[in-house]
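Going down the list, the sequences are from chains A and U. Each residue of the first sequence is one higher than the one before, counting from 698 in my numbering. Each residue of the second sequence is one higher than the one before, counting from 698 in my numbering. Glycine residues also receive a C-beta, built at the ideal position from the N, C-alpha and C atoms. The block underneath contains the structure these notes are about, expressed in structure tokens.
Number of protein chains: 2
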Amino acid sequence: MHKCDLERMSEKIRTFSKFGDAGHGGVTRYSLSPEALQARDYFAERMKAIGATIETDDVANMYATIPGSDPAAKRIVMGSHCDSVKNGGNYDGILGVIGAMEVLETVVEEGIPHKHPLTAMIWTNEEGSLYPPAMMCSGIVCHDFLPEDIAKNFKYEEKMQSTSVLDKQTTFGEMLENFKYKGDRKNRLNPDGYKCMFEMHIEQGPILEDAGNEIGVVDCVLGMFNYRVSFAGQSAHAGTFPMQKRKDALFAAAQALCHLHEEIDKLGYPELVYTTGELLIHPCVHTVIPDFVEFSLDVRHEKPEVRGQVLEIVQSLPQKEWAGCKCEIKEAWKRDTVYWDKKLVGYVEEAAKEMGVKHQYIHSGAGHDAQFAAYMMPTTMIFVVSKDGLSHCEPEYTSDEQCTTAATVLLNAVLRADAE
Amino acid sequence: MHKCDLERMSEKIRTFSKFGDAGHGGVTRYSLSPEALQARDYFAERMKAIGATIETDDVANMYATIPGSDPAAKRIVMGSHCDSVKNGGNYDGILGVIGAMEVLETVVEEGIPHKHPLTAMIWTNEEGSLYPPAMMCSGIVCHDFLPEDIAKNFKYEEKMQSTSVLDKQTTFGEMLENFKYKGDRKNRLNPDGYKCMFEMHIEQGPILEDAGNEIGVVDCVLGMFNYRVSFAGQSAHAGTFPMQKRKDALFAAAQALCHLHEEIDKLGYPELVYTTGELLIHPCVHTVIPDFVEFSLDVRHEKPEVRGQVLEIVQSLPQKEWAGCKCEIKEAWKRDTVYWDKKLVGYVEEAAKEMGVKHQYIHSGAGHDAQFAAYMMPTTMIFVVSKDGLSHCEPEYTSDEQCTTAATVLLNAVLRADAE
């Protein structure tokens, strides 16, 4: 069994953590920013140093490839993203890039024989922090392969017009135009040139840690739907309007939230997660009865029949009585569960077993670029434990040893795919 | 019985509606604005035309006075405010000024004998729309007479530093410095120079209309308290964090709102009003579990023992379980019920009876300048019906006939006070 190198991993983790260092343990490294450019330069420099060829496509996705023994063989690609959220951590995304680099470096340093070319990859703008949406460039690249209802959200031309949330003027397309790593459309990831894809990532949740495991053998990305639920009532003065005549949109929304929790919990699915993270209220003045409240509802579960049961509860809301307010619901977004390729999942499990590292099967609750790639070619993911389940924040942490373990699992899973 | 004049009332209502006309039925007339200046110029011009003397105090409150037959008698003052909220209506505040002007005009035109000097008054910055807080200048003028817990919120110097909500630079004090009607502190309303005060106002609620009455004989301004209730939980990813481990601050707040409604309604006081108008949520992202939510709670009832029962419910919140979140409560503001002078209230009732106009006793749920004046001298209010109970909005409406009826009630109540 081949092993990745702790010291080399540590060096990469420390170095990438400098690019966008926010000064208190984490990074802010927006896509296409000077900090993201530093990270990409370092990626290119290290990959060239082991003889890899660097290619970039028209949305600046980067590909570093070392040849295999069979010139006709398709590439095996590993990768993730190097952009972060505002005040994010040192692991989300970038660890998958570091793991891919480490696999290539280990293969070259140790002269590990392999048939297929091996590619380490950086996806552009996974977080969508500055230019929404998230997973923009995997969506664009995989567009023709996506199911129709998802593909409609990934029109190439429209995404190029996504406006910066900071200056509200510059578009993603304009920034991309002058970006050093904008390349050629012909270099895009594609199923003719690539055999399969692996993405290694921190778990971003507490399941592995709570179970005492280090590695998650990911079998799918959970299907989900996102709804907007709104209540329209009547504004009036808090002091002069009798309770009996009120149409209080906030009270309606509070009752609906409690009702949703009660009804969804009754279904009794322990793996079901649902979240109201956003709530808008108008006019939001302490002496005025609110006349409009809207909230989001994000629901995730592997099984469509479970999501369907929750959807029925959501769809029944407008027929109920909510403090005299009019309730409307609107679908904002949905996706089916994306299952990873069974053979690749098996390779990851075998690699973890062979190493004797504590592991378990796990679903991904979060979205990742790999889920779009999965419509194009066999794909899978490897999770590594996240301390306290924290992510998208500066305290995000996975030890260098755990990161190296995950890279070793990646390496040996890739070598199994190579040996097919 | 003396009567006010419909045509003269209509002329004033139409003319004041031009000052700050927002183009769709209402006005935006901030305190100390050019539009407020137009209104004050018109007030001064009409009052001078009937021989009134104009005085202004150091916060630009305006007083127009006609002499009575007894040179030693104290003045009887009537008034309200001429500033509005953004896109407010043509009646809130200004109708009380128009009514006071109409009383003086009727007395002069008809040569109605009276012993006391009669004063029509404009209070500066009642709404506090541009420079918070509301009722700023009655608070300043009545400061020495206010109960200690209210007076502490009305430090003269601090209020002068209140910053414009529009340009965030100019202070109320700076604007006042160059305002045409800034006058002398010695002209302030005071109990040595003034015998009593009347404020006529639209109801701003639906109670009179629902009961088929035109005039409200106001007996008090409701006591109230305002609390901030907050919940602190833990942010985490909506897709990766199991329900069992969550500390969802929004779910906590929704449960607390439903609990408050349930418990307060159980008390069974039909005249009790309570409102959550403001709610803050962090970080307010649809894929993130909220870690902090704070809401306001405004509670109003005449009786302190009723407010006390509600307060007990609020104070018990932190001891309860709220989705694993920490609950904190904080008093933001409170006032006791302010009862109007019984003799003056009787004069209003007698005047309404004598006219044969449909009337009833009513509490004021909203705050008014008169409530601060009441700590200084005998004070009362007269309400006139508001169409659909709407106020602080452009559709605010009371017919010219109803406004004239209210002015006539004011005139005859004032003449009763004069004849004491």
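Closer than 8 Å to chain U by CB, residue i
i                       : result
residue 868 of chain A  : no
residue 972 of chain A  : yes
residue 916 of chain A  : no
residue 752 of chain A  : no
residue 901 of chain A  : yes
residue 777 of chain A  : no
residue 946 of chain A  : no
residue 978 of chain A  : yes
residue 960 of chain A  : no
residue 975 of chain A  : yes
residue 1006 of chain A : no
Close beta carbons around residue i, own chain, < 7 Å, minus the five adjacent residues each side
i                       : result
residue 1027 of chain U : 924 and 925
residue 919 of chain A  : 997, 998, 999, 1034, 1060, 1061 and 1062
First through last residue of the beta strand (DSSP E) which encompasses residue i
i                       : result
residue 922 of chain A  : 920-929
residue 772 of chain U  : 772-778
residue 970 of chain A  : 970-972
residue 852 of chain U  : Element bounds for residue 852 of chain U: n/a, residue is neither H nor E.
residue 1060 of chain U : 1056-1061
residue 994 of chain U  : 989-998
residue 1023 of chain U : 1023-1032
residue 751 of chain U  : 750-753
Burial state of residue i (16 or more Cβ within 10 Å)
i                       : result
residue 766 of chain A  : exposed
residue 827 of chain A  : buried
residue 863 of chain U  : exposed
residue 1029 of chain U : exposed
residue 846 of chain A  : exposed
residue 1171 of chain A : The question about residue 1171 of chain A has no answer, for chain A in this structure spans 698 to 1117.
residue 698 of chain A  : exposed
residue 731 of chain A  : exposed
residue 849 of chain U  : exposed
Neighbour flag for residue i against chain A, beta carbons, 8 Å
i                       : result
residue 940 of chain U  : yes
residue 904 of chain U  : yes
residue 1069 of chain U : no
residue 986 of chain U  : yes
residue 982 of chain U  : yes
residue 965 of chain U  : no
residue 923 of chain U  : yes
residue 1103 of chain U : no
Per-residue DSSP class, three states only, for residue i
i                       : result
residue 827 of chain U  : coil
residue 838 of chain A  : helix
residue 821 of chain A  : coil
residue 1052 of chain A : helix
residue 877 of chain U  : coil
residue 976 of chain A  : strand
residue 1005 of chain U : helix
residue 1010 of chain A : helix
residue 1103 of chain A : helix
residue 1108 of chain U : helix
residue 1117 of chain U : coil
residue 1098 of chain A : helix
residue 863 of chain A  : coil
residue 761 of chain A  : strand
residue 712 of chain A  : helix
residue 815 of chain U  : strand
Nonlocal neighbours in the same chain, by C-beta distance under 6 Å from residue i, ignoring five residues either side
i                       : result
residue 1073 of chain A : 839, 842 and 888
residue 1066 of chain U : 820, 823, 832 and 835
residue 880 of chain U  : 753 and 754
residue 868 of chain A  : 858 and 860
residue 1020 of chain U : 945, 948 and 949
residue 788 of chain A  : 899, 1093 and 1095
Any non-hydrogen atom of the ligand ATP within 7 Å of residue i CB
i                      : result
residue 836 of chain U : This structure lacks the ligand ATP, and indeed carries no ligand of any kind.
Sequence-distant residues of its chain with Cβ nearer than 8 Å to residue i (five each side left out)
i                       : result
residue 1059 of chain A : 900, 904, 905, 913, 914, 915, 916 and 1080
residue 960 of chain A  : 1010
residue 1041 of chain A : 893, 895, 1075, 1076, 1077, 1110 and 1114
residue 747 of chain A  : 763, 801, 802, 805 and 806
Start-to-end residues for the alpha helix (DSSP H) that takes in residue i
i                       : result
residue 906 of chain A  : 904-908
residue 794 of chain A  : 791-806
residue 1080 of chain A : From DSSP, residue 1080 of chain A is part of no alpha helix (DSSP H) but of the beta strand (DSSP E) over 1076-1081.
residue 948 of chain A  : 946-964
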